[in-house]
Amino acid sequence: MTVKALYDYEFPSADRAEVFGDDQLVYVHWRGNPLFCSAACFRVPKNMPFAEFVTSMLHGWAASDPDFDPASVTDWRLFDEQLSGGQDKSLADLGIGHKALLSFAA
Amino acid sequence: MSVPTKKAASKPARKLPLKERYALLTRDLDWEPGYVDREQLFPHTRYEGIKIHDWDGWQDPFRLTVDAYYKYQVEKDKRLYAVLDGFAQSQGHLSLSDASYLNAIKLFIQGVTPLEYAAHRHFAYLARHLEGPAPRFAALCQSVDELRHCQTQIHTISNYNKYYGGFHSWSKMHDRVWYLSVPKSLFDDAMTAGPFEFLISISFSFEYLLTNLLFVPFMSGASFNGDMPTMSFGFSAQSDESRHMTLGLEAIKFLLEQDEGNVPIIQDWIDKWFWRAYRMSALVAGMMDYMLPKPVMSWREAFELYFEEQMLGGLFPDLEYYGIQPPRHVNDAIAEKDHLSHQVYKILHNFSFAAAFTTKTPDEAHMAWLAEQYPDSFDQVYRPVWEKHRKIEADGGRVFFQGLPQLCQVCQVPMAFTEPGNSAQISFRRSTFRDETFHTCSDGCQWIFEREPEKYVQAWLPVHQIYRGNCGGPTVPDVLAWYGIQEGDNGEYTGSPDQLAWAAWHSDGDDKAV
Ligand SMILES: [Fe+2]
Ligand SMILES: [Fe+2]
Ligand SMILES: [Zn+2]
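Have a look at this one:
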């Protein structure tokens, strides 16, 4: 169904990929940790290596829980699938696109 | 030029019977257009697909005239302002249950009062654009009511602004701050719909179906916690609200009776607006269970009484006669009644560093009350999390979410809700539209998104806007400054300026100054 209107209803999406240039939005959910109410949202360069994303973005956020141990981060998933590929690859190379949802356990 | 003098003292005007007087002052003032056709005069009443065959079929149960309306409202204002003056002069704020109670009222003036103003604007639009004189006049009265509600709420609550944080920039905050985008975007959604959808969204779903869960809890919270002014405001709005509820019910019955083809359209709107308003009520649920030092009733109890018993048990069986079913996702709402308030207060507690109110971890007595109210969920799921917070706080810490949350594209609440029937699993819903991914928090929000994706892709999501650089700058202090949040409005309640001032005002020492 489309929006009923008195004119052609045609507007761009507010947060479409091009608005962020070489960056993109990525969400990260810590599975099974109820201290965090929800997943977090990050703005990151598409070609940032995954390992760098984890240390520079994720660690700071996850440390909101004083029990967080960076060494224990494991079992990464991209949406519902196991994340496959080396951590040295970039987000783009791993297929992590704009507004992708990542999750991990720790 | 001389003004013709009136004929001296003619006989006194005959006092008309109420019904006749009403007819002359309202319907009789309507006219058939002569030099344009009806479609030109009323251009907005056809495109939504609703068919009206007889606008005179709209009953107006109140038979109110403008002069009677104003006379009555003036009386109510006088009574309200007398209470406000008395409360201010006697330093009534010192007899509240606790300063932390005012967090609920901060949420109210930031989240609800601007909606009164938005309602005023849009009912003025309906007063112009509905075709029948009776619904136009009802919309006009409601428009004036809503402006009065906005004004009296500002006056009622302004007294607290002299003594407490968080009350100063509510209008700016409503337009900018992340949690306030929840109510703001709901009203924006309604105001950008057609006039009939607006009637179903605001008059029916908001003011009739869910008013006891959206509006009334603040007023009962006020009366339990010594907030005479807010309680008096509630009384002063009560007769207006009963008129608004009647308008909501009248509107839906009128639309359903006019044409059978209207039924599926109305059903769709009920399905959509029940879930929209219900999702917004999540903020009220968190307020009811966690922000009131003296709680009135739990969210769960209110939901069961006002929604399950009165609406599902009472109203919907009546609407079935017209072919209307209970709202589409109502069972998901029922399934999460043991969880909603806890999940929402967790959001507020995680993020109150960026809010114009404060939060705190519930103490032992409060947790005992919550356990009693939620025997199937509190001790099992939520107590362990609060106990972890207490332990961290005992060691001098305080958990805040060091980042920004993922938001639902439709309701704009952080994605904190769990799957119906599984409180350990966050509910993630994903849609793709024009090759872009969109996230929603529930089947209800996803259904709403997929019904009109062209509308919701435009959502002003506060988190994404911060990342786009539209909210004052990249750092937390930049964004807080842009929000209008001042140091001490936000964060943890314990040790906050409000809490310290309250403690000083209530200490037995000599410096009991105000
Ligand atoms: Fe109102
Ligand atoms: Fe109202
Ligand atoms: Zn949602």
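Chains as they are written, first to last, in my numbering: chain A, 1 to 106; chain B, 1001 to 1514.
Even for Gly, the Cβ is constructed at its ideal location relative to N, Cα and C.
Check: Sequence-distant residues of the same chain with beta carbon closer than 8 Å to L1041 (chain B), five excluded per side; Outcome: P1033
Check: Closer than 8 Å to chain B by CB, V54 (chain A); Outcome: no
Check: Q1040 (chain B) in three-state terms, based on DSSP; Outcome: helix
Check: Any chain B beta carbon closer than 8 Å to L102 (chain A); Outcome: no
Check: Against chain B: residues of the stretch 65-81 of chain A by CB proximity under 8 Å; Outcome: D65, P66 and F79
Check: Whole-Å CB distance - F104 (chain A) paired with R31 (chain A), under 8 Å assumed; Outcome: 7 Å
Check: L1130 (chain B) and A1119 (chain B) closer than 8 Å at C-beta; Outcome: no
Check: Nearest-angstrom Cα separation, counted from N1350 (chain B) out to E1487 (chain B); Outcome: 18 Å
Check: Exposed unless 16 or more other CB atoms sit within 10 angstroms - verdict on V1182 (chain B); Outcome: buried
Check: Local Cβ density within 10 Å of D69 (chain A), reported as buried at 16 or more and exposed below that; Outcome: exposed
Check: K1019 (chain B) classed as buried or exposed, judged by whether at least 16 other C-beta atoms fall within 10 angstroms; Outcome: exposed
Check: Alpha-carbon to alpha-carbon, A1068 (chain B) and K1015 (chain B); Outcome: 14 Å
Check: Pairwise C-alpha distance: F1233 (chain B) and P1217 (chain B); Outcome: 13 Å
Check: Within chain B, partners of K4 (chain A) - CB distance below 8 Å; Outcome: Y1047, E1048, G1049 and G1194
Check: Any non-hydrogen atom of ligand 3 within 7 Å of S1442 (chain B) CB; Outcome: yes
Check: Opening and closing residue of the beta strand (DSSP E) in which Q1425 (chain B) lies; Outcome: N1422 to I1426
Check: Beta-carbon gap between F1274 (chain B) and S1205 (chain B) smaller than 8 Å; Outcome: yes
Check: Within the stretch 1409-1462 of chain B, ranges of the alpha helix (DSSP H) (whole runs, at least 4 residues); Outcome: 1443-1451 and 1453-1456
Check: R1279 (chain B) CB to nearest heavy atom of ligand 3 below 7 Å; Outcome: yes
Check: Residue span of the alpha helix (DSSP H) that contains V1144 (chain B), given as start and end; Outcome: P1133 to N1161
Check: W1031 (chain B) burial status per 10 Å Cβ neighbour count (16 or more: buried); Outcome: exposed
Check: Below-8 Å beta-carbon distance, G21 (chain A) vs any chain B residue; Outcome: no
Check: Option in B:F1196, B:W1058, B:F1167 and B:V1144 with minimal Cα separation from G1132 (chain B); Outcome: B:W1058
Check: 8 Å Cβ cut-off: residues of chain B touching D93 (chain A); Outcome: Ordered by position in chain B, no residue passes the 8 Å Cβ test against D93 (chain A), which lies about 18 Å from the chain.
Check: Beta-carbon proximity check, Y1022 (chain B) vs R1063 (chain B), cutoff 8 Å; Outcome: yes
Check: Close Cβ partners of M1098 (chain B) (< 8 Å) along its chain, the five nearest in sequence each way excluded; Outcome: For the sequence presented, residue 1098 (chain B) should be read as Asp rather than Met. So the list reads N1225, P1293 and W1502, once near-sequence residues are dropped.
Check: Beta carbon proximity, G1397 (chain B) to chain A, threshold 8 Å; Outcome: yes
Check: H1244 (chain B) beta carbon near ligand 2 (any heavy atom closer than 7 Å); Outcome: yes
Check: Cβ contact check for the stretch 1269-1288 of chain B and the stretch 1330-1345 of chain B: 3 or more pairs under 8 Å; Outcome: yes
Check: Proximal chain A residues relative to W1460 (chain B), where beta-carbon distance stays under 7 Å; Outcome: A14
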